[in-house]
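For the sequence shown, the residue numbers in my numbering are 744 to 944.
For glycine and all other residues, C-beta sits at the position ideal for the given N, C-alpha and C.
Everything below concerns the one structure shown next.
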Amino acid sequence: MSNEQEHIEEHSSPIKTPKQLVVTIVLSFVIPIAIIILLVNMVVSGDKTGAGSDTLTPEAITKRIAPVAGFELVDANAPRVFKTGEQVFAAVCTACHTAGVAGAPKMGDNAAWAPFIKAGYDTMLNVALHGKGGMPAKGGNPTLSDYEVARAVVYMANKSGASLPEPAAPAEEGAKKEADAAAPAAGAAPAATAAAAPAAA
Numbered sequence: 744m745s746n747e748q749e750h751i752e753e754h755s756s757p758i759k760t761p762k763q764l765v766v767t768i769v770l771s772f773v774i775p776i777a778i779i780i781l782l783v784n785m786v787v788s789g790d791k792t793g794a795g796s797d798t799l800t801p802e803a804i805t806k807r808i809a810p811v812a813g814f815e816l817v818d819a820n821a822p823r824v825f826k827t828g829e830q831v832f833a834a835v836c837t838a839c840h841t842a843g844v845a846g847a848p849k850m851g852d853n854a855a856w857a858p859f860i861k862a863g864y865d866t867m868l869n870v871a872l873h874g875k876g877g878m879p880a881k882g883g884n885p886t887l888s889d890y891e892v893a894r895a896v897v898y899m900a901n902k903s904g905a906s907l908p909e910p911a912a913p914a915e916e917g918a919k920k921e922a923d924a925a926a927p928a929a930g931a932a933p934a935a936t937a938a939a940a941p942a943a944a
């Protein structure tokens with residue numbers, strides 16, 4: 744091979760037939776247009792959600808970015824609203840006493856509750872307040888008041904064959920403080936009267 748022949752072959756076009764030329768021209772127009780269409784589609788579809796998906800709705804986004812823990816501001820001077828026995832059962836007790844988990848008597852199973860009812864209300868309340876075996880104190884919710892736990896005990900026992908009366912509501916804190924303050928004053932008045940009576944005689 745001569746030097747001249749090598750030089751000609753190096754500079755020859757990769758397109759050797761008219762068919763290759765047509766294919767090259769068509770692809771040079773089709774490929775960029777396809778890329779532009781795909782890019783536009785990608786940009787436009789960024790705001791769309793999938794069919795049947797609500798993952799990008801404002802409510803769903805707010806729920807996902809919401810803090811895990813929350814708190815509720817309560818007026819410390821407002822009277823406390825106690826939960827009913829049914830509300831406490833639904834919130835705390837139902838996990839074990841509906842399915843009979845860890846030997847817990849199922850609510851409504853009179854035979855399972857009979858020994859507990861026979862033991863008496865005070866015994867059942869003591870177990871509910873302080874826990875026993877697999878049952879945690881207050882069912883695992885330390886924010887419950889003793890009165891709310893008592894209402895839950897009565898609710899479950901009554902649904903399981905007992906006929907316990909509803910426990911008495913606790914006195915209001917303000918009323919209790921006033922009664923405590925009035926008691927010494929009331930006790931002091933008779934003492935003062937008794938002390939004055941011998942002096943007058």
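Next item on the list: Could you give the DSSP three-state label for K875: helix, strand or coil?
Entry: Reading the sequence shown from its first residue, position 132 is the one you call residue 875. It is a strand residue.
query: Should K881 be labelled buried (16 or more other beta-carbon atoms within 10 Å of its own) or exposed?
result: The count along the sequence shown starts at 1 and reaches residue 881 at position 138. Buried: at least 16 other Cβ atoms inside 10 Å.
With a Cβ-Cβ cutoff of 8 angstroms, do V897 and L907 count as a contact? Locating residue 897 in the sequence shown gives position 154, counting from the first residue. Locating residue 907 in the sequence shown gives position 164, counting from the first residue. Yes, they are a contact pair.
Would you report the Cα separation of Q830 and L782, rounded to the nearest angstrom?
For this step, residue 830 is matched to residue 87 along the sequence shown. For this step, residue 782 is matched to residue 39 along the sequence shown. One C-alpha to the other measures close to 56 angstroms.
Once the 5 residues before and after N884 are set aside, which same chain residues still bring their CB inside 6 angstroms of it? Residue 884 sits at position 141 when you count from the first residue of the sequence shown. The residues are V835.
_Within a Cβ cutoff of 7 angstroms, which residues of the same chain sit near G828, ignoring the five residues on either side of it in sequence?_
If you number the sequence shown from 1, residue 828 lands on position 85. R894, A895, V897, Y898.
Here's the rule: buried if 16 or more other CB atoms are within 10 angstroms of the residue's CB, otherwise exposed. What is A900? Here residue 900 is taken as the residue at index 157 of the sequence shown, counted from 1. That one is buried.
Can you tell me whether S788 is buried or exposed, with buried defined as 16 or more other CB within 10 angstroms of its CB? For the purposes of this step, residue 788 is taken as the residue at position 45 of the sequence shown. S788 comes out exposed.
_A833 beta carbon less than 8 angstroms from that of C839_ = As a working mapping, residue 839 is identified with position 96 in the sequence shown. As a working mapping, residue 833 is identified with position 90 in the sequence shown. For C839 and A833, no; Cβs fall outside 8 angstroms.
Assign S755 to one of two classes, buried (16 or more other C-beta atoms within 10 Å of its C-beta) or exposed (fewer than that). Numbered from 1 along the sequence shown, position 12 holds the residue referred to as residue 755. Classification of S755: exposed, given that the 10 Å Cβ count is below 16.
- prompt: Could you give the C-beta distance for N853 and G813, rounded to a whole number, given that I count them as a contact under 8 angstroms?
  reply: Position 110 of the sequence shown, counted from the first residue, corresponds to residue 853. Position 70 of the sequence shown, counted from the first residue, corresponds to residue 813. Between G813 and N853 the Cβ distance is about 40 angstroms, and since that is not below 8 angstroms, they are no contact.
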